[in-house]
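Engineer: Residue numbers (this note's numbering), protein chains in the order written: chain A, 152 to 338; chain B, 442 to 598.
Sharing a structure below in structure tokens format, with a few things to ask.
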């Protein structure tokens, strides 16, 4: 059993399970599934300053979500230790691997390319752009758009909200631009 | 006015009871395990998705939407209440003009998503999986959130 669930999970197992989180949170307390709101709660809790956007009771509206996010970290620890995948390589398409090799990616072991996503990699130009700039854009864009992958692509689309569809189209315009125009210049 | 009541306004209902928090944490643990075991936290998988070279990510996001949508419809149709007997209300996201904030915010988020190979949930999951350098991305994302909040009165929405 342990061996079985330690294999990477196929999309038709993982996707429906993620989908169930939406009704679970609604039934538990009418909560909306959306992770990036926690970035706002964290700012409101630590550095609210005089910024109106952070003037609210973060414990009242966000404590549950911060605890939920703590659970994500704990779940990831369990998944990468007790349930660790015996094969260290992510089984990506051979075409993707070939494209990434052509760009200059040489490390394929693990969940992320270690040549960029490591403390040594952080000190390189790709490391700074992908980790520091990438992280900044994720935080800025998620709040500007009012949600991220969980809030818009999953919760929003599941509730047939048109603004979420626009946001997801935006995610792809940005993502394709970074993939085809920026990464080739960077790597 | 969207400026005073953004669609991101935190939900009104409070829930700070310890028992409830434990349940939210367990759902988070469940989500964290799925994020790692399905490899959606992998930069490689995000590249594969944006290059349209495998069905994996589309299958996950697509089937998650179908299951979530069916559940939401059931909750609405049968007026199912939450654990405390409160009605479940999903506030609609506000739309103004051409939806500038959704276009621009979405594009900016997408640029970051493809560069970093992780959206907010996976940032936390990668940290749990031992990719400690991702803490720098988290701090940057907090800086980005702060920058948005500061510039918000000047940005078109």
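For glycine and all other residues, C-beta sits at the position ideal for the given N, C-alpha and C.
If we count the other Cβ atoms within 10 Å of its Cβ and call it buried at 16 or more, is residue 554 of chain B buried or exposed?
Structural biologist: Residue 554 of chain B comes out buried.
Engineer: Let me see if you follow: with CB-CB separation under 8 Å, is residue 269 of chain A close to chain B or not?
Structural biologist: Chain B, which has a Cβ nearer than 8 Å to the Cβ of residue 269 of chain A, makes this yes.
Engineer: Identify the contact partners of residue 246 of chain A in chain B, using a Cβ-Cβ distance below 8 Å as the criterion.
Structural biologist: Per Cβ cutoff of 8 Å: 492 and 494.
Engineer: Could you confirm whether any beta carbon from chain B is found closer than 8 Å to the beta carbon of residue 250 of chain A?
Structural biologist: Yes - at least one Cβ of chain B is within 8 Å of the one on residue 250 of chain A.
Engineer: Report back the beta-carbon spacing between residue 466 of chain B and residue 221 of chain A to the nearest angstrom; my notes put them in contact at under 8 Å.
Structural biologist: Rounded, the Cβ-Cβ distance is 6 Å, consistent with contact.
Engineer: Taking the alpha carbon of residue 382 of chain B as the reference point, which residue from A/303, A/158, A/265 and A/275 has its own alpha carbon closest?
Structural biologist: Outside the displayed span of chain B (442 to 598) sits residue 382 of chain B, for which this structure offers no information.
Engineer: So which residues of chain A does residue 565 of chain B contact, with C-beta pairs closer than 8 Å?
Structural biologist: The answer, in chain order, is 186, 220, 223, 224 and 227.
Engineer: Looking at the structure shown, is residue 287 of chain A part of a helix, part of a strand, or coil, going by DSSP?
Structural biologist: Residue 287 of chain A falls in the helix class under three-state DSSP.
Engineer: Pick helix, strand or coil for residue 547 of chain B, following the three-state DSSP scheme.
Structural biologist: DSSP places residue 547 of chain B in helix when its eight states are reduced to three.
Engineer: Reducing DSSP to helix, strand and coil, say where residue 445 of chain B ends up.
Structural biologist: Here the model assigns residue 445 of chain B a pLDDT of 40, short of 50, so the residue's position is not dependable and the matter cannot be decided.
Engineer: 8 Å is my cut-off, CB to CB: does residue 534 of chain B come that close to chain A?
Structural biologist: At least one chain A Cβ lies under 8 Å of residue 534 of chain B.
Engineer: Tell me whether the segment 173-192 of chain A and the segment 523-536 of chain B touch, counting them as touching only if at least three CB pairs, one residue from each stretch, are closer than 8 Å.
Structural biologist: At 8 Å Cβ cutoff, the stretches touch.
Engineer: Counting contacts by CB-CB distance shorter than 8 Å, is residue 281 of chain A in contact with chain B?
Structural biologist: Answer yes: the Cβ-Cβ gap between residue 281 of chain A and chain B drops below 8 Å somewhere.
Engineer: When you check each C-beta in the segment 315-333 of chain A against every C-beta of chain B, which residues fall closer than 9 Å?
Structural biologist: So the list reads 315, 316, 317, 318, 319, 320, 321, 322, 323, 324, 325, 326, 327, 328, 329, 330, 331 and 333, given in the order they occur along the chain.
Engineer: If residue 542 of chain B sits next to residue 295 of chain A, beta carbons under 8 Å apart, how far is it from one beta carbon to the other, in whole angstroms?
Structural biologist: The Cβ separation is near 6 Å, so the contact holds.
Engineer: Got a sec: is the Cβ-Cβ distance from residue 478 of chain B to anything in chain A below 8 Å?
Structural biologist: Yes - at least one Cβ of chain A is within 8 Å of the one on residue 478 of chain B.
Engineer: How would you call residue 270 of chain A, buried or exposed, if buried means at least 16 neighbouring beta carbons within 10 angstroms?
Structural biologist: When all chains shown are included, residue 270 of chain A counts as exposed.
Engineer: Could you check if residue 217 of chain A is buried or exposed, using at least 16 other CB atoms within 10 Å of its CB as the buried criterion?
Structural biologist: It counts as buried.
Engineer: Which chain B residues sit within Cβ distance under 9 Å of residue 292 of chain A?
Structural biologist: Ordered by position in chain B, the residues that pass the 9 Å Cβ test against residue 292 of chain A are 545, 546, 547, 548, 549, 550, 551, 552, 553, 554, 585 and 589.
Engineer: With DSSP as the reference, please indicate the residues paired to residue 528 of chain B in a beta bridge.
Structural biologist: Paired residues: B/522.
Engineer: Among residues of its own chain, excluding the 5 on either side of residue 570 of chain B, which ones have a beta-carbon nearer than 6 Å to its beta-carbon?
Structural biologist: Hits under 6 Å: 477.
Engineer: How about residue 315 of chain A and residue 535 of chain B: are their beta carbons less than 8 Å apart?
Structural biologist: No, Cβ-Cβ distance for residue 315 of chain A and residue 535 of chain B is not below 8 Å.
Engineer: Do you know offhand how far residue 261 of chain A's Cα is from residue 499 of chain B's?
Structural biologist: Straight-line Cα distance between these residues: approximately 21 Å.
Engineer: Rounded to the nearest angstrom, what separates residue 240 of chain A and residue 528 of chain B at their Cα positions?
Structural biologist: In a straight line, the C-alpha of residue 240 of chain A is about 46 Å away from that of residue 528 of chain B.
Engineer: In this structure, how does DSSP classify residue 496 of chain B when only helix, strand and coil are distinguished?
Structural biologist: Residue state, collapsed to three classes: coil.
Engineer: Chain B beta carbons: is any one of them nearer than 8 Å to that of residue 275 of chain A?
Structural biologist: Not closer than 8 Å to any Cβ of chain B, the Cβ of residue 275 of chain A fails to qualify, so no.
Engineer: Should the segment 152-165 of chain A be called in touch with the segment 272-283 of chain A, which here means at least 3 C-beta pairs below 8 Å?
Structural biologist: The segment 152-165 of chain A vs the segment 272-283 of chain A: no contact.
Engineer: Residues in the same chain with beta-carbon distance under 6 Å from residue 161 of chain A, minus the five sequence neighbours each way, listed in chain order, please.
Structural biologist: The answer is none, since no qualifying residue turns up.
Engineer: Among the residues of its own chain, which have a CB less than 7 Å from the CB of residue 278 of chain A, if the five just before and after it don't count?
Structural biologist: Taken in chain order, the residues that qualify are 267 and 272.
Engineer: So residue 196 of chain A contacts chain B; which residues on that side make the cut at Cβ distance below 7 Å?
Structural biologist: The contacting residues do not exist; residue 196 of chain A stays about 11 Å from chain B at best.
Engineer: Please compile the residues from chain B whose C-beta is within a distance smaller than 7 Å of the C-beta of residue 310 of chain A.
Structural biologist: Those are 513 and 531, listed as they occur along chain B.
Engineer: When we look at the beta-carbon of residue 183 of chain A and count the other beta-carbons within 10 Å, is it buried (16 or more) or exposed?
Structural biologist: Classification for residue 183 of chain A: buried.
Engineer: Which of the three DSSP states, helix, strand or coil, is assigned to residue 181 of chain A?
Structural biologist: Three-state result, residue 181 of chain A: coil.
Engineer: Comparing alpha-carbon positions, which option in A/234, A/202, A/215 and A/210 lies nearest residue 152 of chain A?
Structural biologist: When only C-alpha atoms are compared, the closest one is A/234.
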